[in-house]
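At the far end of the sequence shown sits residue 895, using the working numbering, and the numbering has no gaps.
Where is the CB? At the ideal position from N, CA and C, for every residue including glycine.
Keep in mind it's a predicted model, so treat the numbers as computed, not measured.
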Amino acid sequence: MIEITNLWKGYNKTNVLQDVNLTVGRGEIHGLIGENSAGKTTLIKCATGVYKPDQGKILYDGKPVYDNPEVKTRIGYVADYNEYISIYTVSRMVNMYEVLYPLFDREKFNTLNEIFKIPVNKRVFSLSKGQKMRLAFMLETAKRPDYLILDEPTSGLDPLAKSHFFELLINEVEQNDIGVLISSHNLEGLERICDSVTMLHQGKVEHQMSMENMKGQLTRLNVVFEGGACKAVYDMPEILRISNVGSIYTLIVRDFDESLVTRLKKNGAGLVEPLDISLEELFVVLEETKEKETEGKKQTDYRSGDGEGKSRKGE
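This is the structure we're talking about:
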């Protein structure tokens, strides 16, 4: 199991990660999502032992990863940008991996390459970004690691390659019982494969739970208002987002229950149809809600400050 406990990491006296806790078990795919600069890549570089935490622990089956070559041999790491010896051919890279990693499986690499079709005689510098990403995945997977750490692994991949990637990743987990920590902006893809998700916001864990429970936080409703939705509907605190095409309204709500259906119908709703929300829509709405709450707090603090200032002036 990967155990990340009370992790803090910063640069130039600015905290990038603040008290992050996270576990990933064998046979589990754990997604890491968040806005740009949320701290995902920093977390992954700490998790792979590239960065040393300022505070906290990162353990693999009870052993620290930082400055521990024994543990690192059990980790496959695909970075968001993979640096290899650019003048080497793909074939020579495979030879090097075979020397460096005792468990490296050339046959497994070749089997994967039957799907990804990277020319083995091509030099690394001549590969596209997507080809380099595929090469990294094949090399790291052929190491037969216990854990795979992936940072934006679908970046640069075409739709077909993405589909192959997700299928292969699921097969690796099922067949070899590996644990996976994957960061990606491809939320549709993560929704298909992840067992659990951590959402980071400005370096802190904002939400963390199973995929099923994560998606259960919000509900998407299709609602028919023949005469249009009235102001009372827009003012309902459970409704986080509302849009419409004609008389058909789409509502994103939290704390969905039958009492909300009753209130919607009292305010003119006909059909009320609850639907599953996608991970992407969930993420966007939660981020929008967080921004509105932050802005509202700033305005409240500002008005409070003005009031105090005027009071002191009067005195």
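Rounded separation between residue i and residue j - CA only
| i | j | result |
| --- | --- | --- |
| Y661 | R686 | 23 Å |
| R703 | I584 | 38 Å |
| L820 | P633 | 37 Å |
| I624 | G807 | 51 Å |
| Y727 | E650 | 13 Å |
| N802 | L851 | 8 Å |
| V559 | Q635 | Missing from the structure shown is residue 559; the chain here goes from 581 to 895 and no further. |
| R834 | E818 | 5 Å |
| L767 | L862 | 10 Å |
| K795 | I857 | 6 Å |
Boundaries (first-last residue) of the alpha helix (DSSP H) holding residue i
| i | result |
| --- | --- |
| S839 | 838-846 |
| V700 | Counting along the chain, V700 falls outside any alpha helix (DSSP H), and DSSP gives it neither H nor E. |
| P854 | First-last for P854: 852-855, but that is the beta strand (DSSP E), not the alpha helix (DSSP H). |
| I773 | 767-773 |
| R714 | 709-722 |
| K811 | 811-814 |
| P649 | 649-652 |
Reduced DSSP secondary structure (H/G/I, E/B, other) of residue i
| i | result |
| --- | --- |
| K535 | Nothing can be reported for residue 535: it is not among the residues displayed for the chain, which extend from 581 to 895. |
| T622 | helix |
| L748 | helix |
| R821 | strand |
| V753 | helix |
| E663 | coil |
| V600 | strand |
| R686 | helix |
| T594 | strand |
| K742 | helix |
| K589 | strand |
| T628 | coil |
| L612 | strand |
DSSP beta-bridge partners of residue i
| i | result |
| --- | --- |
| M789 | V777 |
| D731 | S763 |
| L639 | E583, P644 |
| I828 | V804, V825 |
Endpoints, the beta strand (DSSP E) within which residue i is located
| i | result |
| --- | --- |
| V760 | 759-763 |
| R672 | R672 -> not in any beta strand (DSSP E); alpha helix (DSSP H) instead, spanning 670-680. |
| V658 | 655-658 |
Contact the stretch 757-771 vs the stretch 728-739: 3+ CB pairs below 8 Å: Yes: the two stretches touch, three or more of their Cβ pairs being nearer than 8 Å.
Does the stretch 589-608 come within contact of the stretch 690-703, defined as at least 3 CB pairs closer than 8 Å? no
Below 8 Å, how does it come out for the stretch 842-850 and the stretch 809-817: are there three or more Cβ pairs, yes or no? yes
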